[in-house]
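Enquirer: Shown below is the structure under consideration.
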Ligand code: ARG
Ligand code: ZN
């Protein structure tokens, strides 16, 4: 029996070293369902062991996650999911060719173009700056003021845009402001594309929509379209992992020279907490590294400081992310705390969700830690908790969480997504005005 056992063991180890039928050299996105707490643990173990990049993570049973798996690990990860009897599905089998066929990364040269030629594209950092300056210089519908809120870690200027009425159409004093930022997470390209659309609509109003002038009458609009310029520029450099970069590009937090960046949406100073239980991390190599302390990063401080300069005017705050189609209100830091005026927050959010429903987009509205997952150090919690702005939201733009595209929404979808989402933004602003 002993020799039989040895033969069996030998066959087993031979089997393990044979190339499997699925042997692969491609990045994959694997959708994994956690049916139990045990599944959540196994998934987190695999995430850690194989450095899986969560496009959306599971935090509790009955959630679904999407994970980017590196080529050298895909066989092992898939085998272990099978062995552990965890429900999963490969949603993108070869991410690089998927991306190529959706032409989201091109060999781009800077377009020297007018604002109109920049429309409905994924703009590079330089193109975005060109667009903003063009909007400032040629705006027909409003007074557009473009400036910088400060430098990034690598020294890039971080633009902001402020809209006020044409001098002839009245004055701005006493008006409330809507503050919108986007591009905190660099791979979420639809987010700055949405900001550019809003800027375009407000500045030019090509469609001659009378609602646009009401929006400008009701509010001063302050938009920071690219909170994380370094990360964003990095996503335009060659390579799939570069395209999928989430954090800033801060260096020096780790002795491992490859571990760059801070998750800027974990770095804001309200209930800051780098414990993984609260969605952050103390590990500089992690995709959700919270930084060594709150506001350790120039990018989050830049946003904080422009917020503080406008503190007394801000009636509503939106921070644009992707993906999933969620319209979220605080609190993000913990799912155990209720927000006291949830009814109001829900009603204003519903204006957006209802308008989007008319355009056939299903949005989920709710408290962010409850609906999505806890994540302490988010900008929305800071704006609400420290600045006392009642209506503070995180928007997770398209695609829907069930889509396979995730962060890799094709450029050909930008036009419809941003045009449709503009209807939601308008409805939100009108509802906010009637509530404030
Ligand atoms: N996807 C966003 C993130 O991970 C959600 C943030 C929601 N807000 C929050 N404070 N947790 O950063
Ligand atoms: Zn994000």
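Numbering (mature numbering (1 follows the signal peptide of the UniProt record, and there is no 0)), first residue to last: -23 to -1, 1 to 413. Where a beta carbon is used, it is the ideal one built from N, C-alpha and C, also for glycine.
#1: Using DSSP with H/G/I as helix, E/B as strand and the rest coil, what is residue -3?
#2: With DSSP collapsed to three states, give me the class of residue 339.
#3: Using the Cβ count rule (16 or more neighbours within 10 Å means buried), how would you classify residue 274?
#4: Put residue 397 into one of helix, strand or coil per three-state DSSP.
#5: Report whether the distance from the Cβ of residue 242 to the nearest heavy atom of ligand 2 is below 7 Å.
#6: Is the closest heavy atom of ligand 1 to the C-beta of residue 345 under 7 Å?
#7: Between the beta-carbon of residue 209 and the beta-carbon of residue 217, is there less than 8 Å?
#8: Work out the CA separation of residue 232 and residue 333 for me, nearest whole Å.
#9: Any heavy atom of ligand 1 within a distance shorter than 7 Å of the CB on residue 352?
#10: For residue 403, which three-state DSSP category applies?
#11: Kindly confirm or deny that the stretch 165 to 184 and the stretch 389 to 398 touch, where touching means at least three C-beta pairs closer than 8 Å.
#12: State yes or no: is the C-beta of residue 373 nearer than 7 Å to some heavy atom of ligand 1?
#13: Out of 413, 48, 301 and 315, state which residue places its alpha-carbon closest to the alpha-carbon of residue 375.
#14: On the DSSP bridge list, what partners appear for residue 139?
#15: Is DSSP giving residue 20 helix, strand or coil here?
#16: Report the residue from 409, 320 and 2 whose alpha carbon sits nearest the alpha carbon of residue 70.
#17: Just confirm the distance between the C-beta atoms of residue 352 and residue 278, as a whole number of angstroms; I'd bet it's less than 8 Å.
#18: One question on the structure: do residue 112 and residue 193 come within less than 8 Å of each other, judged by their Cβ atoms?
#19: Count the other CB atoms, across all protein chains shown, that sit within 10 Å of the CB of residue 269; report buried if there are 16 or more and exposed otherwise.
#20: Less than 7 Å between the CB of residue 246 and some heavy atom of ligand 1, yes or no?
#21: What is the DSSP secondary structure of residue 26, reduced to helix, strand or coil?
#22: If we require 3 or more residues per run, which beta strand (DSSP E) segments fall completely within the stretch 347 to 389?
#23: Give the secondary structure of residue 213 by DSSP, where H, G and I count as helix, E and B as strand, and everything else as coil.
#24: For residue 223, tell me which candidate among 229, 163, 291 and 169 has the shortest Cα-Cα distance.
#25: Under 8 Å by Cβ, that's how I've got residue 133 and residue 206 pegged, so tell me the actual separation to the nearest angstrom.
#26: Using the beta-carbon count (16 or more within 10 Å), is residue 251 buried or exposed?
#27: When DSSP labels each residue in this structure, what does residue 116 get in the three-state scheme?
#28: So if DSSP puts residue 254 in a beta bridge, which residue, or which two residues, is it bridged to?
#29: Buried or exposed: residue 330, going by 16 or more other Cβ atoms within 10 Å of its Cβ?
#30: Would you say residue 377 touches ligand 1, meaning its beta carbon is less than 7 Å from a heavy atom?
#31: Decide yes or no for the touch test of the stretch 103 to 117 against the stretch 252 to 260: beta carbon pairs closer than 8 Å, at least 3 of them.
#32: Relative to ligand 2, is the shortest distance from any of its heavy atoms to the C-beta of residue 174 smaller than 7 Å?
#33: Have a look at the DSSP bridge pairing and note the partners of residue 42.
#34: Roughly how many whole angstroms lie between the Cα atoms of residue 16 and residue 10?
#35: Using a threshold of 7 Å, is the CB atom of residue 221 nearer than that to any non-hydrogen atom of ligand 1?
#36: Using a Cβ-Cβ cutoff of less than 6 Å, which residues in the same chain neighbour residue 182 once the five nearest sequence positions on both sides are dropped?
Expert: Answer, in terms of the structure:
#1: As a working note, residue -3 is residue 21 in the chain shown. Note that residue -3 has pLDDT 48, beneath the 50 cutoff, so the model's placement of it is unreliable and the number below is only indicative. Of the three classes helix, strand and coil, the one that applies to residue -3 here is coil, per DSSP.
#2: Locating residue 339 in the chain shown gives position 362, counting from the first residue. Correct three-state label for residue 339: coil.
#3: Counting from one through the chain shown, the residue named residue 274 turns up at place 297. Buried.
#4: Within the chain shown, residue 397 is the residue found at index 420, counting from 1. If DSSP states are grouped into helix, strand and coil, residue 397 belongs with the helices.
#5: Against the chain shown, residue 242 aligns to sequence position 265. It does: the Cβ of residue 242 is within 7 Å (strictly closer) of some heavy atom of ligand 2.
#6: On the chain shown, position 368 is the one that residue 345 refers to. Yes, since a heavy atom of ligand 1 falls inside the 7 Å radius drawn around the Cβ of residue 345.
#7: Taking the first residue of the chain shown as position 1, residue 209 is located at position 232. Taking the first residue of the chain shown as position 1, residue 217 is located at position 240. For residue 209 and residue 217, no; Cβs fall outside 8 Å.
#8: Indexing the chain shown from 1 puts residue 333 at position 356. Indexing the chain shown from 1 puts residue 232 at position 255. Spanning the two alpha carbons is a distance of roughly 46 Å.
#9: Working through the chain shown from its first residue, we reach residue 352 at position 375. Result yes, Cβ under 7 Å from ligand 1.
#10: The residue labelled residue 403 in the question sits at position 426 within the chain shown. Residue 403: helix per DSSP, three-state reduction.
#11: yes
#12: Position 396 of the chain shown, counting from 1, holds the residue named residue 373. Flag set: Cβ of residue 373 near ligand 1.
#13: Along the chain shown, one-based indexing puts residue 375 at 398. The option with the nearest alpha carbon to residue 375 is 301.
#14: Stepping through the chain shown from its first residue, residue 139 is reached at position 162. Partner(s): 122 and 199.
#15: For the purposes of this step, residue 20 is identified with residue 43 of the chain shown, where counting begins at 1. Helix at residue 20.
#16: In the chain shown, the residue the question calls residue 70 occupies position 93. For the residues 409, 320 and 2, the minimum Cα distance to residue 70 belongs to 2.
#17: Taking the first residue of the chain shown as 1, we reach residue 352 at position 375. Taking the first residue of the chain shown as 1, we reach residue 278 at position 301. In fact, because the Cβ distance is near 19 Å, the residues do not count as touching under 8 Å.
#18: Locating residue 112 in the chain shown gives position 135, counting from the first residue. Locating residue 193 in the chain shown gives position 216, counting from the first residue. Going by C-beta atoms, residue 112 is not nearer than 8 Å to residue 193.
#19: By one-based count along the chain shown, residue 269 stands at place 292. Exposed is the call here.
#20: Here residue 246 refers to the residue found at position 269 of the chain shown. No, the beta carbon of residue 246 sits no closer than 7 Å to any heavy atom of ligand 1.
#21: For this step, residue 26 is matched to residue 49 along the chain shown. It is helical.
#22: 368 to 377
#23: In the chain shown, the residue the question calls residue 213 occupies position 236. DSSP places residue 213 in coil when its eight states are reduced to three.
#24: As a first step, residue 223 is located in the chain shown; it is residue number 246 there, counting from the start. Considering only alpha carbons, the answer is 163.
#25: Here the question's residue 133 lines up with position 156 in the chain shown. Here the question's residue 206 lines up with position 229 in the chain shown. The Cβ separation is near 4 Å, so the contact holds.
#26: By one-based count along the chain shown, residue 251 stands at place 274. That one is buried.
#27: Taking the first residue of the chain shown as position 1, residue 116 is located at position 139. In the structure shown, residue 116 sits in coil (DSSP, three-state: anything other than H, G, I, E or B).
#28: Translated into the one-based positions of the chain shown, residue 254 becomes position 277. For residue 254, which the question treats as bridged, DSSP gives no partner whatsoever.
#29: Stepping through the chain shown from its first residue, residue 330 is reached at position 353. It counts as buried.
#30: The residue you call residue 377 lines up with position 400 of the chain shown. No - ligand 1 has no heavy atom lying nearer than 7 Å to the Cβ of residue 377.
#31: no
#32: The residue you call residue 174 lines up with position 197 of the chain shown. No, since every heavy atom of ligand 2 falls outside the 7 Å radius drawn around the Cβ of residue 174.
#33: Residue mapping note: residue 42 aligns to position 65 of the chain shown, counting from 1. Bridge partners of residue 42: 9.
#34: As a working mapping, residue 16 is identified with position 39 in the chain shown. As a working mapping, residue 10 is identified with position 33 in the chain shown. About 8 Å.
#35: Taking the first residue of the chain shown as 1, we reach residue 221 at position 244. Result no, Cβ not under 7 Å from ligand 1.
#36: To locate residue 182, count along the chain shown from 1; it is residue 205. Cβ neighbours of residue 182 beyond the five flanking positions: 118 and 189.
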